[in-house]
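Asker:
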Amino acid sequence: MTHKMRSRLAAAAAALLLLCTAVGPSPSFALQLRVSPSRQTQDDSALTAELPAASAAAAAPAAPEAPEAPAEAAPAAPAAAAAPAAPPAAAAAGDAQADVQSQTDTLEASQQQQEQGAEPQPPQQQQQQPQQQQQQQQQREEPEEAAETKTAEDREAALKAVALSRVSKATSSKDLVGVATALSSHLHSATKAACGIQPSAPTEPSELTELLLLSRQCRHSSSPVLVVDGGSTGTRGVLFRVMSESCFGLGRRVLPESLRQLEEGPKFEGLRQLMEKWLDEAAGPGWASRAVDSHALLQQFPRMRQQAGDLLRSVLRSSEQLVKKYFSEYEQEEAKTVGIPVIFFSTAGVRDTHDWYRRGLFASFIEAINSYSSSQGFVFFTNEEWTRPIPGVEEGMLAFVAANQLLGRFARAKQIKENLEKTQTPAERKQLETLLSQTLTSIVEVGGASAQIVFPVYRVGSSPSFVNTTNLTTGGYLSSDFPSVDIMSTSYMQLGASSATGIFYKSYCSNPDNLRNGVCLNPCLPKGYQQECSTGDVSVSPEGAVAVSKQLQRQRLKPAAYYCTSTNDEIAKKALNRLSCIAAGINPEQPLEERLAIEGCSKMEGTGDFAACAAAVSSILLDPPLPLPANQEASYTGFDTVGQIFDFMSTEAPIVITGKALVFPIRDLQKLGLLKPSFQGDPCELKEAATKYCSAPVVRSASGALVRQLQPQQQQQGAGGGPVEVTVSSVNLENCFKLGMSHGLLRLLNKSNIHPSKITFAIDIEDPNSKQKVGEYGWPPGAILRAILNQRKWSTLAYELGKNHTVRDRWNAAHSASEQQSEENVTPHRQASAQLRDNQQLTKSSWKQQRQPSHEPQQQQRQRQQQRQQQQRQRQRQQAVFGFECCIAAGRNFQMERREADHMERLAASTEPSFTKLRQS
1 MTHKMRSRLA AAAAALLLLC TAVGPSPSFA LQLRVSPSRQ TQDDSALTAE
51 LPAASAAAAA PAAPEAPEAP AEAAPAAPAA AAAPAAPPAA AAAGDAQADV
101 QSQTDTLEAS QQQQEQGAEP QPPQQQQQQP QQQQQQQQQR EEPEEAAETK
151 TAEDREAALK AVALSRVSKA TSSKDLVGVA TALSSHLHSA TKAACGIQPS
201 APTEPSELTE LLLLSRQCRH SSSPVLVVDG GSTGTRGVLF RVMSESCFGL
251 GRRVLPESLR QLEEGPKFEG LRQLMEKWLD EAAGPGWASR AVDSHALLQQ
301 FPRMRQQAGD LLRSVLRSSE QLVKKYFSEY EQEEAKTVGI PVIFFSTAGV
351 RDTHDWYRRG LFASFIEAIN SYSSSQGFVF FTNEEWTRPI PGVEEGMLAF
401 VAANQLLGRF ARAKQIKENL EKTQTPAERK QLETLLSQTL TSIVEVGGAS
451 AQIVFPVYRV GSSPSFVNTT NLTTGGYLSS DFPSVDIMST SYMQLGASSA
501 TGIFYKSYCS NPDNLRNGVC LNPCLPKGYQ QECSTGDVSV SPEGAVAVSK
551 QLQRQRLKPA AYYCTSTNDE IAKKALNRLS CIAAGINPEQ PLEERLAIEG
601 CSKMEGTGDF AACAAAVSSI LLDPPLPLPA NQEASYTGFD TVGQIFDFMS
651 TEAPIVITGK ALVFPIRDLQ KLGLLKPSFQ GDPCELKEAA TKYCSAPVVR
701 SASGALVRQL QPQQQQQGAG GGPVEVTVSS VNLENCFKLG MSHGLLRLLN
751 KSNIHPSKIT FAIDIEDPNS KQKVGEYGWP PGAILRAILN QRKWSTLAYE
801 LGKNHTVRDR WNAAHSASEQ QSEENVTPHR QASAQLRDNQ QLTKSSWKQQ
851 RQPSHEPQQQ QRQRQQQRQQ QQRQRQRQQA VFGFECCIAA GRNFQMERRE
901 ADHMERLAAS TEPSFTKLRQ S
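Under the UniProt record's numbering, the sequence shown has 341 at position 341, and the numbering climbs by one with no breaks.
(1) Helix, strand or coil for residue 301? Go by DSSP, reduced to three states.
(2) Looking at the structure shown, is residue 323 part of a helix, part of a strand, or coil, going by DSSP?
(3) Residues in its own chain within less than 7 Å of residue 297 by CB, not counting five upstream and five downstream?
(4) Which residue marks the beginning of the alpha helix (DSSP H) containing residue 398, and which one marks its end?
(5) Which runs of the beta strand (DSSP E) fall wholly inside the segment 484-544 and span at least 3 residues, in chain order?
(6) Taking 8 Å as the limit between beta carbons, can you name the residues of its chain near residue 308, skipping five residues before and five after?
(7) Note down, in chain order, each residue of its chain lying with its Cβ closer than 8 Å to the Cβ of residue 272, except the 5 sequence neighbours on either side.
(8) On the DSSP bridge list, what partners appear for residue 764?
(9) What's the call for residue 593, buried or exposed, on a 16-neighbour Cβ count within 10 Å?
(10) Counting only the same chain and skipping the five closest in sequence on each side, list residues whose C-beta sits under 7 Å from that of residue 357.
(11) Buried or exposed: residue 340, going by 16 or more other Cβ atoms within 10 Å of its Cβ?
(12) Please return the same chain residues whose Cβ sits closer than 8 Å to the Cβ of residue 70, not counting the five positions on each side in sequence.
(13) Ordered along the chain, which non-local residues of its own chain (more than five positions away) have a Cβ less than 6 Å from that of residue 686?
(14) Give me the residue from 531, 524 and 226 with the minimum Cα distance to residue 741.
(15) Can you find a C-beta in chain B that's less than 8 Å from the C-beta of residue 604?
(16) According to the neighbour-count rule (16 or more other Cβ atoms, all chains shown, within 10 Å of its Cβ), is residue 775 buried or exposed?
(17) Compute the distance between the beta-carbons of residue 922 and residue 580, then report whether it is under 8 Å.
(18) Could you check the C-alpha separation between residue 704 and residue 732 for me, to the nearest Å?
(19) Could I get the ranges of all uninterrupted beta strand (DSSP E) runs contained in the segment 440-465, with 3 residues as the minimum, in chain order?
(20) Fully enclosed by the segment 633-664, which beta strand (DSSP E) runs are 3 residues long or longer?
(21) List the DSSP bridge partners of residue 290.
(22) If we count the other Cβ atoms within 10 Å of its Cβ and call it buried at 16 or more, is residue 617 buried or exposed?
(23) Determine, using beta carbons only, whether residue 527 and residue 315 come nearer to each other than 8 Å.
(24) Under the assumption that residue 533 contacts residue 598 (Cβ atoms under 8 Å), give the Cβ distance between them as a whole number of angstroms.
(25) The alpha helix (DSSP H) with residue 415 in it runs from where to where?
(26) In whole angstroms, give me the CA-to-CA distance for residue 609 and residue 737.
(27) Ignore the nearest five residues each way along the sequence and tell me which others in residue 37's own chain have a CB closer than 7 Å to its CB.
(28) Between residue 502 and the rest of its own chain, which residues show a CB-CB distance below 6 Å, the 5 nearest in sequence each way excluded?
(29) Look at the alpha carbon of residue 870 and the alpha carbon of residue 242, and state the distance between them as a whole number of angstroms.
(30) Using 8 Å as the cut-off, can you tell me whether the segment 756-768 makes contact with the segment 367-387, which would need three or more C-beta pairs spanning the two stretches below that distance?
(31) Short check: CB of residue 485 to CB of residue 456, under 8 Å?
(32) If you check the beta carbons only, do residue 500 and residue 621 fall under 8 Å apart?
(33) Whole angstroms are fine: how far does the CA of residue 301 sit from the CA of residue 815?
(34) Counting Cβ pairs closer than 8 Å, one from the segment 633-649 and one from the segment 663-670, do we hit at least three?
(35) Using the C-alpha atoms, what's the distance from residue 491 back to residue 631?
(36) I need the straight-line Cα distance from residue 483 to residue 810, nearest angstrom please.
Right, dumping it as structure tokens:
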């Protein structure tokens, strides 16, 4: 490094210090002018020695300037009266610029003297003369500076910003030459500005830079995702919101942590009701009591397709309104451009029906979704993977994934596992293992027809060898970024709230020990309450009238009764399945009506004995000697009953019991003060509260309504000091039965020495930090999470295929509708023409009968031949229509066949007069 460069760098450093003093402390000027030891040369050492000297020289004249401030302020007063004073920052910047310029001139003069061989003067003497000249010049130019416009200040601020940026970049890389270059460029620009020289225009406009940066930055968008829940009690759409991020060169991905549930749509007809209605029409009444040729029912598939399409169109129309409610106009336009993905899963409702019935039903659903034309411009799309029936094990796994992702449990478990791998101390490892086993949340979900139990399995050997577990990562539920956890998931048919009630009433009231003169003394009904002995839905009016439904479709025992029939191969060929039906009180050899009826029972009367109710629920439903009907899936996982799970396994994980049927009765007890708000799943505490609640007698109020009358010693006094009356309704009538199920589950969960760390009853998933609802416990959020966590697959199905893959479906549906409308418009004209031809033919025939009565047999023969041709054409059309409904390829050729048939019809009509003349001759 030359002496000239070192001098220049020293001057730059001194100017930098003065500029820092004027501007003030700033992170951008926190320079560390240190030299790397590996690059220390003799020249660099000399440079390091010169930098402090130059800094001291630059800082020395700063002290005498302080007392001169009042003297300089006196001549500035007249100017201040004439024009507004310059801002302090601008004044400081001007002083700093003048000091930098003076210091630079001094160092350059010293450098010239050194090059000429002259002895340099002391720094103080070199600076005195320029400072005096500077003070005089400031006194002369102060009035002019006070009158400067704001444009000059803005230009100076811009120059300073450029200098700060360049010095900051050079400093970050510890480039001393860069620092010097940046300061030199700044001083040069400041000098030109002081001399009135306008700086040159930038080489690139700022608008162009912003435009380029805008095209390269990542973008975020909010998108709707629709989940259709085909449950046993009804079909409804659930709308979710997800945020996606698209980056140039990286693609587009959905952010899992952004998933939020918005609203549920209205509930429509259930899939099982839809299928049973179709079977009633296709196979005739009584199909559940006799063998039905399922292949022969293929001819009735078009009717199923039409009914499925009508149901889905109702769901999609209601979902459109939700999209318009929760998304802005821009987001709606984006949804119309990209499309709205639809995930449609059915659960226990159609799980035990015939195979091709389910496949045909969901094939119709896929077609209805992909061909749906919205009047609002929205496009929905789905595929075979997103629209299908799912087994109970998968339903439980999805609920587990949803709960732990939305609660942030997966991230916490991953962090604990990483710490566990780093820890070597046995005590710390044991502590972390215990903490890990209590991190992920287990799920007990009770629906309408089935119940799912899911919890993690951590320790090797903690489960028997016959138990089938599923790994979240290898099973395709989570990506490799999440912790690898083995899950025990099992599902039990007939343990949903509706089906369980039917099984319980049938089994309990069919037992002669529980009957008194044809009256079933039911401990799970309120004390003093009476109703007809049936498994039908019960409704209680506000006036106290009790009605039990006798309709076949509203019998809660119906799913089990349909399954337990001798025409079912699973019953006829497997003795265990047959025995399970008989144990539940259902004889497979009887007709459907007798299988649904409760033999020997005419009336039910409640006793309100909760202890007996809980014992009966446990022995019939939770821990029976034989599995409940249609529970092959549970047997496959290793456990025939719920009680067997906790005989062989246990868990420390916190458990959430969810499902409205079990959560609402617990909340009713909490509202009445019988249970604490902080109830943590103690079975003894629940038993005490439920005993007080169920033993309260049911009486009629003055208005005639049925009310539970909780006595003062059983319940806190009301405002008037009298007993608390709770109106009996269709919702809370069977609360004691549901509380019995909850008590039985809690007892089994706490059966082992190792039991859950926490048990809660909840429906909504709340964010741990904000305490706001982000979803509901269940499989719908888990279905979306599993789909979006596989980024490549989601991109393929949602973006690469998506709405573009289903364009032909919508086009065909739209043109089919238009052709059908045209056909309907043309049909009256064709009928009128046919009627005219018939009249003409009738006139000719009557005239011929008068002239040639012997030709009457030929005329009748010709009419019969025309009728046969017309019937043959009609059969061809029906076959073509049926082929279109059952096969896509035949459907594509249907229009051609119809055109050919119409052409043949027109040709026959045009040639008919010629044939008539020929026959007459």
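Yeah, the Cβ is synthetic: ideal placement off N, Cα and C, and Gly gets one too.
Answerer: The short version:
(1) helix
(2) helix
(3) Hits under 7 Å: 282 and 283.
(4) 392-406
(5) Counting only runs of 3+ residues, the beta strand (DSSP E) found wholly inside the segment 484-544 occupies 486-493, 519-522, 530-532 and 538-540, in chain order.
(6) 274, 361, 364, 365 and 368
(7) 232, 349, 350, 353 and 559
(8) 776
(9) exposed
(10) 275
(11) Buried.
(12) No answer about residue 70 holds up, because its pLDDT of 38 lies below 50 and its placement is not dependable.
(13) 743
(14) 524
(15) Note that chain B does not occur in the displayed structure, where there is just one protein chain.
(16) buried
(17) Outside the displayed range of the chain (1 to 921) lies residue 922, so it cannot be described from this structure.
(18) 18 Å
(19) You should have 442-446 and 450-457.
(20) Fully enclosed beta strand (DSSP E) runs of 3 or longer: 655-658.
(21) According to DSSP, residue 290 bridges with nothing at all.
(22) buried
(23) no
(24) 5 Å
(25) 409-422
(26) 11 Å
(27) With a pLDDT of 38 at residue 37, under the threshold of 50, the modelled position of that residue is not reliable, and no figure is offered here.
(28) 535, 556 and 557
(29) 57 Å
(30) The answer is no - the segment 367-387 does not touch the segment 756-768, with fewer than three Cβ pairs under 8 Å.
(31) yes
(32) yes
(33) 22 Å
(34) no
(35) If you take the alpha carbons of residue 631 and residue 491, they lie about 8 Å apart.
(36) 42 Å
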